[in-house]
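Here the structure is laid out as structure tokens; the discussion comes afterwards.
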Ligand code: TRP
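Numbering (this note's numbering), first residue to last: 3 to 330.
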């Protein structure tokens, strides 16, 4: 079975955009591939060198992924900093990675601009650590969004370069797995664009009913249609798209007809939408709370994941040491 690995930055709670954009695909992939998921806590130090409570954020993310349906029996889930052999591979890749090429990476340039007081070497070598994350397990596929394509290119470059420098055919180049084409794009409800943490318009899986309602009720609308069967402007389209995602077809059709007949009452539609979002989130939210409260279970999941990942990474590192010429 092909191996798939993906890293998750522990930067915030999961929202509906994350769920339908990525996590749902992960949950499906665990049945088709040998998947491993990890929480990239080392990577998070590149932007947050003094994390507020990293252990806490890691455990919250872990609970959320479990609540969404990642099954640790099928797909080990581990914390990056629990698997030390990756660090050693990171060091070797760094020895064969060059300042010029690392400086040209767009996400590095972006970060250098947004955090000019902290242009650290970890930020510069983000792609070598990411390459080590994946190549330590010789994964075949990496599910990533478009924004990670350059990091994937660098990963393949480091794999090829290692083979060339040491005269071996050892690492193969991991493929990007673009599920985003199939994934559902969740809109924001603030008039335009998609749902996102940085957009400030996210509905989180852990939001309670009142919070969901508040967020939906302030969704941007307009004065209503002025013609029969009028094309919907973006804010309204977004409201309907959201309804298509979480409500049943009958509900969607009802409000769509109302719109087309110029009889729509956005307040009613929003109430229904809030209720349907809540109905979708409620079971996930309950599971998040249950997992989050079960520290022992979380410890066990992370430990089991770390054991499986360490085994696989240690095997690679034994071979890599030998290839480079270190004693076994
Ligand atoms: N760079 C990825 C992101 O920002 C996170 C990540 C770190 C990752 N290491 C990885 C993703 C390895 C896939 C494989 O989302």
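Think of the CB as a built atom: it goes at the ideal place given N, C-alpha and C, for glycine as much as any other residue.
Whole-angstrom distance between residue 292 and residue 285, CA atom to CA atom: Each residue's alpha carbon lies about 11 angstroms from the other.
Host alpha helix (DSSP H) of residue 237 (start-end): 236 to 248
For residue 257 and residue 14, the rounded distance between their alpha carbons: 33 angstroms
Boundaries of the beta strand (DSSP E) in which residue 156 is found, first to last residue: Segment 151 to 168 is the alpha helix (DSSP H) holding residue 156; no beta strand (DSSP E) there.
Heavy atom of the ligand TRP within 7 angstroms of residue 11 beta-carbon: Checking the 7 angstroms criterion, the Cβ of residue 11 is within range of a heavy atom belonging to the ligand TRP.
Residue 145 to residue 30 span [Cα, whole Å]: For the pair residue 145 and residue 30, the Cα-to-Cα distance works out to about 12 angstroms.
Sequence-distant residues of the same chain with beta carbon closer than 6 angstroms to residue 153, five excluded per side: 129 and 132
Span separating the alpha-carbon of residue 335 from that of residue 177: The shown model of the chain, from 3 to 330, leaves out residue 335, and the question about it has no answer.
Where residue 2 falls: helix, strand or coil (DSSP): What the structure shows of the chain is the stretch from 3 to 330, and residue 2 is not part of that stretch, so it cannot be assessed.
Extent of the continuous alpha helix (DSSP H) to which residue 9 belongs: Element bounds for residue 9: not the alpha helix (DSSP H) but the beta strand (DSSP E), 5 to 10.
Assigned exposure category for residue 272 - 16 Cβ within 10 Å defines buried: buried
Distance between residue 140 and residue 303 (C-alpha atoms, nearest Å): 22 angstroms
Any non-hydrogen atom of the ligand TRP closer than 7 angstroms to residue 150 Cβ: yes
Given 8 angstroms, three or more beta-carbon pairs between the stretch 70 to 83 and the stretch 104 to 114: Contact fails: fewer than three Cβ-Cβ distances are below 8 angstroms.
Residue 234 beta carbon less than 8 angstroms from that of residue 261: yes
Buried versus exposed, by CB contacts within 10 Å (16 or more), residue 229: exposed
Proximity test, residue 156 beta-carbon vs the ligand TRP heavy atom, cut-off 7 angstroms: no
Complete beta strand (DSSP E) runs within the stretch 35 to 114 (minimum length 3 residues, chain order): 36 to 41 and 79 to 81
Heavy atom of the ligand TRP within 7 angstroms of residue 144 beta-carbon: yes
Spatial neighbours of residue 279 in its chain, beta-carbon cut-off 7 angstroms, leaving aside the 5 residues before and after: 205, 214, 218 and 248
Residue 7 vs residue 42 beta-carbon contact at 8 angstroms: no
Beta-bridge partners of residue 179, as assigned by DSSP: In the DSSP output, where bridge partners are listed per residue, residue 179 has 145.
Cβ-Cβ separation, residue 289 to residue 69 (assumed contact under 8 angstroms), whole Å: With a Cβ gap of about 4 angstroms, residue 69 and residue 289 count as contacting.
Simplified DSSP state of residue 333, which is helix, strand or coil: Outside the modelled stretch of the chain, which goes from 3 to 330, sits residue 333, for which no answer is possible.
Residues near residue 315 in its chain [Cβ-Cβ closer than 7 angstroms; skip 5 each side]: 85, 87, 88, 138 and 139
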